[in-house]
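Okay, so here's the structure we're looking at.
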Amino acid sequence: MREIVVFSGSAHPALASAICDQLGVPLSPSDIKRFSNDCLQAQLLANCRQRDVYIVQPLVPPTQEHLMELLLMIDAARGASAAQITAVIPHFAYARSDKKDASRISLGGRLVADLISTAGAHRVLTMNLHAPQVHGFFSVPVDHLTALGVLADHFRGTDLTDSVVVSPDLGNAKEATQFSRLLGLPVAAGSKKRESDDKVVIDSIVGDVRGKRAIVLDDEIATGGSIVELLDRLADFGVTEAAVACTHGLFAGRAVERLRNHPMVSQVVTTDTVPAPGGWPELQVRTVSGLFAEAITRIHEGESVSILFDGVDPTHAPPQGSLFDRVGS
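Numbered by my numbering, the letters in the sequence shown go through residues 414 to 742 in order.
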């Protein structure tokens, strides 16, 4: 069988190292150089010929820099005669640019998908796309993982009496419903209207939340505007406290300050798809390295990846004890 070779861009080498630890393979070295004219050059410092190459690079700020790094590394692997190239993109930032909701607006999600395919990627491995339809923008196979099981494991075994799962908007209600089933809890959702990138208005809550403790679930938290607006509305509707959980904790701008100082927040839980912000020791980070390592192993061996959804997405299988009982913590 062909050898697995894993490289990392500069976006999140810690996650790439953790994935390699799970796989039992070394993280292969690479070199990103910047020329005096600001152009980048990527060099892979390990043999790729007729090997299965995996390049780990979440698209986090500075997003354009990291995207260009990823494209150059894919191109380098193709030029080095790699047998198969998989772009491992734990956070695909351009998934938010998925539709034409204004005149003459760009469709960034599709464009970036085309760039990755054109650069030479044979497959994409990602997690919790902001808009699931972005999956269809790619002309190469996409394995779309979910962190719902990892986040649910965090709350299992804790006191969930009088708790309710709350989605910030109706668009994320399906994920929240799946999450609530894993925990055996009811679900509610906010009715949200976005006025700008960091300003939203939530005018009502759909579902019974009065007198309950909320677990607010979102796929991504950037500036925290939506979450803070939701927390304020939940307080108006009689919620006593709220835990905040998300897959991609970007925490840009004033997000850390907003969430750390909000009187409703009891805890904030995220995963390591993106680097955690510094200076926030209370933030609880769950690793998804085991999931990605298991997915890479299954891709490499030609086995099913959908089995990773057993017990995570109730439409595939009933909830089970712990995801990491099967794939390793």
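Positions of the beta carbon are idealized from the N, C-alpha and C atoms, including for glycine.
Quick check: residue i and residue j, are their CB atoms within less than 9 Å of each other?
{"i": "S604", "j": "S617", "result": "yes"}
{"i": "H567", "j": "P554", "result": "no"}
{"i": "P581", "j": "I628", "result": "no"}
{"i": "V357", "j": "D556", "result": "Residue numbering for the chain in the displayed model covers 414 to 742; residue 357 lies beyond these limits and cannot be assessed."}
{"i": "L440", "j": "V701", "result": "no"}
{"i": "L485", "j": "I445", "result": "yes"}
{"i": "A500", "j": "I487", "result": "yes"}
{"i": "T684", "j": "V563", "result": "yes"}
{"i": "I709", "j": "V418", "result": "no"}
{"i": "A506", "j": "V473", "result": "yes"}
{"i": "E416", "j": "N541", "result": "no"}
{"i": "A668", "j": "V579", "result": "no"}
Using the Cβ count rule (16 or more neighbours within 10 Å means buried), how would you classify residue i?
{"i": "P731", "result": "With a pLDDT of 42 at P731, under the threshold of 50, the modelled position of that residue is not reliable, and no figure is offered here."}
{"i": "E707", "result": "buried"}
{"i": "R464", "result": "buried"}
{"i": "K625", "result": "buried"}
{"i": "Q591", "result": "buried"}
{"i": "D575", "result": "exposed"}
{"i": "P442", "result": "exposed"}
{"i": "G741", "result": "Annotation note: pLDDT 45 at G741 (below 50); position unreliable, no value reported."}
{"i": "P694", "result": "exposed"}
{"i": "L736", "result": "Unreliable placement is indicated for L736, whose pLDDT of 44 sits below 50; the coordinate value is still reported in the next sentence. So L736 counts as buried."}
{"i": "D514", "result": "exposed"}
{"i": "G715", "result": "exposed"}
{"i": "P503", "result": "buried"}
{"i": "D631", "result": "buried"}
{"i": "H729", "result": "With a pLDDT of 37 at H729, under the threshold of 50, the modelled position of this residue cannot be trusted; read the value that follows with caution. By the neighbour-count rule (16 or more Cβ atoms within 10 Å), H729 is not buried but exposed."}
{"i": "F550", "result": "buried"}
Quick one: give me the first and last residue of the alpha helix (DSSP H) that residue i is part of.
{"i": "D527", "result": "G521 to A532"}
{"i": "S593", "result": "A586 to L596"}
{"i": "I432", "result": "P426 to L436"}
{"i": "V669", "result": "A668 to R673"}
{"i": "Q470", "result": "Counting along the chain, Q470 falls outside any alpha helix (DSSP H), and DSSP gives it neither H nor E."}
{"i": "V701", "result": "Note, V701: premise wrong, no alpha helix (DSSP H); not H, not E."}
{"i": "V641", "result": "G638 to D649"}
{"i": "D566", "result": "L561 to F568"}
What first and last residue would you give for the beta strand (DSSP E) that runs through residue i?
{"i": "R626", "result": "R626 to I634"}
{"i": "S552", "result": "First-last for S552: undefined, no H or E at that position."}
{"i": "Q497", "result": "Q497 to I502"}
{"i": "A656", "result": "E654 to G662"}
{"i": "M677", "result": "That residue, M677, is in no beta strand (DSSP E); it is neither H nor E in DSSP."}
{"i": "A455", "result": "L453 to L457"}
{"i": "T752", "result": "Here the chain has residues from 414 to 742 only, and residue 752 is not among them."}
{"i": "V418", "result": "I417 to S421"}
{"i": "D444", "result": "S443 to R447"}
{"i": "V578", "result": "S576 to S580"}
Is any beta-carbon of chain D found at less than 9 Å from that of residue i?
{"i": "M677", "result": "Among the chains of the structure shown, chain D does not appear; only one protein chain is present."}
Going by CA-CA distance only, name the one from the options that's closest to residue i.
{"i": "C452", "options": "S441, G492, Q477 and T653", "result": "Q477"}
{"i": "Q697", "options": "V681, K587 and C659", "result": "V681"}
{"i": "D511", "options": "G651, A526, H425 and I498", "result": "A526"}
{"i": "A665", "options": "A635, D631, A490 and R491", "result": "A635"}
{"i": "S552", "options": "L528, P545 and D572", "result": "L528"}
{"i": "L643", "options": "M677, R491 and R711", "result": "M677"}
{"i": "A363", "options": "V473, T531, P474 and F448", "result": "For the chain, the structure presents residues 414 to 742; residue 363 sits outside this window and is missing."}
{"i": "L721", "options": "L704, G715, P690 and T710", "result": "L704"}
{"i": "G637", "options": "R673, A602, L647 and G651", "result": "R673"}
{"i": "V652", "options": "R671, S679 and G562", "result": "S679"}
{"i": "L558", "options": "R569, R517, G570 and P545", "result": "P545"}
{"i": "Q456", "options": "N450, A493 and V473", "result": "A493"}
{"i": "G584", "options": "H548, H543, P503 and L663", "result": "H543"}
{"i": "G533", "options": "A560, H504 and R491", "result": "R491"}
{"i": "A495", "options": "N460, V657 and A565", "result": "N460"}
_Measuring CB atoms only, is the segment 456 to 476 touching the segment 425 to 433, in the sense that at least three cross pairs come out at less than 8 Å?_
yes
_Between the segment 618 to 626 and the segment 509 to 523, can you find at least three pairs of beta-carbon atoms closer than 8 Å?_
With a cut-off of 8 Å on Cβ pairs, the segment 509 to 523 is not in contact with the segment 618 to 626, counting fewer than three such pairs.
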